[in-house]
Ligand SMILES: Cc1ncc(COP(=O)(O)O)c(C=O)c1O
C-alpha cells in the first residue's frame, strides 16, 4: 500500500469513518504527483512553470475562438473556461456553497463539517461514496421507494446489497421504526443508510417532528455501539411546499448527533441551481467525533478517488455557476420564480388527485415536496399502465419496480396537469376495472 494511504489510514483509525472504508477506500490517497507539484510551482515558479500539460501563451490557455466567442466579451478570462479546475473544485465556489449550506440549514451553525468537494454531479458523489465506503457483501439500508440508480451503484458497481424497508408506515408517514429495525438488523458493527428528501419517486419529505424522530432513531442505533453512516441525498433540496415540512437537510442534525454517526451530505447544483447539464455536485462530511485530522484525511481520500477517475471536474460550469451565485443580478429572482412555478404545479396536482379520492385502482402516495408524485398501483403492473398511457394517450410516465407509477410534474406545464392526472386515472380504470 502506498505510504500516503498508510498515513491517511492511521489518521482515520480512531474515527467513526474508519470501519466503513472499503479496500479501495483504504488504498486511496491523494498523490504528490503532477497536480500537487504543479500547485506548489504555481506559488513558487516565478520564472518558468513547466509543470502542467496545458498549452499556454501569455499566461492563458490556448483555445478555439469559435468557443470563446460564444461568451460575452470581457466576462471570463480564457483560464476561467479552458484550464483545468483544481482537484477539489474552484476554491471560491466551494466556500460559497458551504456558506449557502449554512444559511439554508441554520442548525449547522457552529458545527464542524468538511469543506464541500466538487464532484461531477450527485450521481458521481454517490458513486464516490460507494467506492470509498462500501465493499462487496455490505448492506446499504434504503426505503423501498428509491431512485433506481442506487441499485446500479450500490449493488452492481460496489457488489453490496440494498436492505429495503417500507417507506411509509400505516398512517402515510415515514416509517421510522422500519428504518431503525433495518439498521439494527445490519450484520456486524456498522450500518449504512441512504435517505433522500424531497424523495424521488414519492415527493415526500418528513415534517419537523418526523425528522427529529428519524434522527433520534439513528442515535438509538448508535447508542448500541454500532457505527452508522448516513448519506443524505439532497438532490431536490429547497422545494418544500408545506408549512410543517422540515426545511433543513437531515445532515444538519446528524452532523453532531453522536460520536458513532458518520454523516455524509450529497448535494448538487444540478437541480438546486437549475444547471442539469453542467454536472456539478458536492460531497461534505461530518461527525460529532471528527477532528480536523479526520476531516483532512477523508478529504484527501476523496480527492484521490476523483483524481483516479475524472481527474477534476468541469471548469466552465464552475465558473458560470460561481459568477451567478456571487453577483448574478437575477439569481435570487430566477430561483424564486422556479420555486413559485413548482408550487403552483404541486397545488394543481394535489387538487387534480383529490378529485379522484377513493379510486379503487390507484392510490397516490403522500407527497409534499420536490418534483414528483407517485401512485401505488395496488398489485397491478405499473409497466402495463406506463405502456398503455404512452401508446393510447401519448403520455409519458415512469414505472418504478412494477408497482409504482411516477409523474414528474416538474416537466408538465400547469395547463396540462389536470389532463395528465385525469388520464392516468382513466387509463388505469380502462385496464384494471
Ligand atoms: C434522488 C436523486 N439523487 C441523485 C440524482 C443525481 O443527480 P445528478 O444529475 O446531479 O447526478 C438524482 C437525479 O435524478 C436523483 O433523483
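In the numbering used here, the protein residues as written are 20 to 452. For glycine and all other residues, C-beta sits at the position ideal for the given N, C-alpha and C.
- Here DSSP, grouped into helix, strand and coil, assigns residue 44 to helix.
- For the pair residue 241 and residue 287, the CB atoms are not nearer than the 8 Å cut-off.
- When the beta-carbon positions are compared, residue 325 and residue 280 stay at least 8 Å from each other.
- Exclusion of the five residues before and after residue 215 leaves 252 as the residues of its chain whose Cβ lies within less than 6 Å of its Cβ.
- Leaving aside the five residues that flank residue 295 on each side, the residues in its chain whose CB is nearer than 8 Å to its CB run, in chain order, 289.
- What you get when you keep residues with a C-beta closer than 6 Å to any heavy atom of ligand 1 is 140, 141, 142, 166, 215, 219, 252, 254, 287, 289, 300.
- Cβ neighbours of residue 303 within its own chain (closer than 6 Å, five residues either side excluded): 132, 133, 135, 284.
- Taken atom to atom, the span from the alpha-carbon of residue 198 to that of residue 394 is near 22 Å.
- Cβ atoms of residue 127 and residue 274 come within 8 Å of each other, at about 6 Å.
- The beta carbon of residue 341 sits closer than 8 Å to those of 109, 111, 112, 115, all from its chain and outside the five residues before and after it, given in chain order.
- Three or more pairs of CB atoms, one per stretch, sit closer than 8 Å, so the region 40-52 contacts the region 313-328.
- Burial of residue 218 is indicated by the presence of at least 16 other C-beta atoms within 10 angstroms of its C-beta.
- In the three-state reduction of the DSSP assignment, residue 181 falls in the strand class.
- By the criterion of a C-beta distance shorter than 6 Å, residue 375 is surrounded in its chain by 444, once the five residues flanking it on both sides are discounted.
- About 6 Å separates the CB atoms of residue 301 and residue 137; that is less than 8 Å, so the two are in contact.
- For residue 392, the enclosing beta strand (DSSP E) covers residues 391-395.
- If you draw a straight line from the Cα of residue 156 to the Cα of residue 177, it comes to about 9 Å.
- A residue is called buried when at least 16 other Cβ atoms come within 10 angstroms of its Cβ; residue 125 does not meet this threshold and is exposed.
- When rounded, the separation of the alpha-carbon atoms in residue 172 and residue 282 is 19 Å.
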